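Below: the structure, in structure tokens.
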Amino acid sequence: MDLLPETFAFDPDGEGTHQHRIRRLVVDGILSGRFQPGDRMPSSRGLAKQIGVSRITVTIAYTDLVADDYLVSRGRSGYFVSETAPMAPSLAQSRKSYESVVDWSRLMSHRETARDRIARPVDWQTYPYPFLYGQTDPTLFDHQNWRICAVEALGRREFDSLTADHYERDDPKLVEYIQRHILPRRGIAARPNQILITMGAQNALWICAQLLLTQRRRAVLENPGYPSLRQILGDTRCHMESVDIDAEGLPPENLPEALDVLFTTVSHQCPTNAAMPLARRKELLKKAAEGGFVIVEDDYEFELGFGRPVTPSLKALDTHGSVIYVGSFSKSLFPGLRLGYLVAPEAFVSGARRLRGTILRHPPGLIQRTTANFLSRGHIEAQVNRMRKTYEQRRRVMEEAITETGLIIASPPMDGGSSLWMRAPDHVDTEVLAQQLHSRGVVIEPGAAFFDPARRHKNFYRLAYSSIPADRIPQGIRMIADGIAQLD
């Protein structure tokens, strides 16, 4: 049967190149059974005219389909659906609706704890004033060199690093770069067997919680602090206690006498941005050595400091092996990468590697090698430098707009990072404020989720400047100020 050009409904504004969309139309037709083996495709000239593309575009798409055995070429006769083309299995689908007789809530051993969620619209890119933390400005990312590094990772020369099952081992090139270039910037010396690649910092925190905590052990976290950490700890059913931070971070003297694991963000407290001074860091390490507890140090955003001296990480100051260090590429590269690492004594990393192996043997080889290529060629330094300069400018614009409108910065003064911790008047519920601002195209992050549920404050919020251009910041800040005034 001859397939007519009119059979192909082509959306000129669809996703991907014209060539890819033509291929998708043919593949979908074959896999759905609409195009049968032996059917003759429209001529390249006829299809090109029908869908409004060049003839060479159709020819290239057809040639690509021949290579994958979806089509065959028969000289002057044209292109035909291959007799051996892949076919989707034809199974009768039941149209009956039913209710499961299984009591899943009883059978599942995992009991989901109450979860704090920050209101983040999925389509935040469509909002003109996105003061949204953790998202990046695509104009700051080095797409071209990332693509080159990915293509190189896909090449024959590095084929084994991409395709082989390395069991529980990580990409040695990535581990070496972390060991020799990233960790020394934080004053940390480590051997390769003390480094584990993770699927982001949150995965590293989960591994730490799973290995170190039980129902009989006590974990301490900061208040306010990282909301997802409370969820991670809650799943272990450990005893959880939060300690209020001050302008210098976590006060060591306020720690409970009995604890097993402390989770902290000493260099850039989440979400207040407070930086713990050196004397307090040493006091914290002293208490850990005397009390025999472990410190999990989440050192997020250390790369994004500007105009301030570098303070050694806790791990760099640790002389008793009490600290597990957690790092991530989410802020320096992009959050969707989901790649991080932890550094700890070999005995812990060995156990962490085995635990990770029960879920995934290692993060995907392509991701690890592409990242290693990007890092080793110096692209990360150029990108971070570009981000620092941009963030410093946006921070200055934001602070000027905040001063002009009378909004209140709750975080202590510091340089660096990508956000500010804000305080609204006591009577303002920032959840309500956020919803009202959404309708005006402004996205903020309400702060209640960062606090211990027993000591929750509803008048705090976070403003990030990583995903909003500098020229939109003043108007966005004015709209936030107007929104707060309307709630008076």
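Following our numbering, the residues of the sequence shown are numbered contiguously, the last one being 814. We treat Cβ as the ideally placed atom computed from N, Cα and C, and that holds for glycine. This structure is a prediction, so every number in the text was calculated from the model and none was measured.
Item, Value
"Can you check which of these residues, Ser369, Ile558 and Ile770, is closest to Gln536 by C-alpha distance?", "Ile558"
"Find out if the Cβ-Cβ distance for the pair Phe776, Pro550 is shorter than 8 angstroms.", "yes"
"In three-state terms, what does DSSP make of Ile508?", "helix"
"If you scan the segment 578 to 650 from start to end, which runs of the beta strand (DSSP E) of 3 or more residues do you find wholly inside it?", "587 to 590 and 620 to 624"
"Assign Leu604 to one of two classes, buried (16 or more other C-beta atoms within 10 Å of its C-beta) or exposed (fewer than that).", "exposed"
"Curious, which full-length beta strand (DSSP E) runs of at least 3 residues does the segment 727 to 811 contain?", "745 to 749 and 786 to 790"
"Are at least three pairs of beta-carbons, each pair with one atom in the segment 521 to 538 and one in the segment 725 to 744, less than 8 angstroms apart?", "no"
"In three-state terms, what does DSSP make of Arg563?", "coil"
"Strictly by DSSP, which residues pair up with Thr524?", "Gly666"
"Which residues bound the beta strand (DSSP E) around Ala545?", "Arg544 to Asn549"
"With 16 as the cutoff for other CB atoms within 10 Å, does Thr562 come out buried or exposed?", "buried"
"What is the DSSP secondary structure of Gly355, reduced to helix, strand or coil?", "helix"
"Is any non-hydrogen atom of the ligand COA found closer than 7 angstroms to the C-beta of Tyr552, if you look at the structure I gave you?", "You won't find the ligand COA in this model; it holds no ligand whatsoever."
"Taking only the alpha-carbon atoms, compute the straight-line gap between Phe786 and Arg804 and give it to the nearest angstrom.", "17 angstroms"
"Which whole-angstrom value describes the C-beta separation of Val723 and Ala796, a residue pair presumed to lie in contact below a C-beta threshold of 8 angstroms?", "5 angstroms"
"Could you tell me the boundaries of the alpha helix (DSSP H) in which Val392 lies?", "Arg381 to Ala393"
"With DSSP as the reference, identify every bridge partner of Gly575, one or two as the case may be.", "Asp572"
"Given a cut-off of 8 angstroms, decide if Leu330 and Met367 are closer than it, judged by their beta-carbon atoms.", "no"
"Please specify which runs of the alpha helix (DSSP H), each continuous and at least 4 residues long, are wholly inside the segment 674 to 718, giving them in chain order.", "691 to 702"
"Would DSSP call Asp486 helix, strand or coil?", "helix"
"Just confirm the distance between the C-beta atoms of Leu640 and Val592, as a whole number of angstroms; I'd bet it's less than 8 angstroms.", "6 angstroms"
"Going by C-alpha to C-alpha distance, which of Gly364, Thr637, Tyr493 and Gly662 sits closest to Thr684?", "Tyr493"
"For Ala790, count neighbouring C-beta atoms within 10 Å of its own C-beta (all shown protein chains included) and say buried if the count is 16 or more, exposed if not.", "buried"
"Keeping to the same chain, check which residues put their C-beta closer than 6 angstroms to that of Ser702; ignore five residues upstream and five downstream.", "Tyr503"
"When we look at the beta-carbon of Lys657 and count the other beta-carbons within 10 Å, is it buried (16 or more) or exposed?", "buried"
"Among Asp625, Ala600, Ser648 and Gly460, which residue has its Cα nearest to the Cα of Lys612?", "Ser648"
"Can you name the start and end residues of the beta strand (DSSP E) that Val477 belongs to?", "No beta strand (DSSP E) contains Val477, which is instead part of the alpha helix (DSSP H) from His469 to Ala479."
"In chain order, what residues of the same chain have a beta carbon less than 7 angstroms from the beta carbon of Ala584, not counting five sequence neighbours either side?", "Arg544"
"Going by DSSP in three states, Ser399 sits in which element: helix, strand or coil?", "strand"
"Helix, strand or coil for Val815, going by three-state DSSP, please let me know.", "The first residue shown for the chain is 327 and the last is 814, placing residue 815 beyond what the model contains."
"Between the C-alpha atoms of Asp814 and Asp808, what's the straight-line distance to the nearest angstrom?", "10 angstroms"
"Provide the residue span of the alpha helix (DSSP H) that contains Trp450, from first to last.", "First-last for Trp450: undefined, no H or E at that position."
"At the level of alpha carbons, what is the spacing between Asp354 and Gly342?", "15 angstroms"
"Could you check what DSSP says for Ser369 in three-state terms: helix, strand or coil?", "coil"
"Have a look at Arg781, Thr637, Ala527 and Ser426 and flag the residue whose alpha-carbon is nearest the alpha-carbon of Arg511.", "Thr637"
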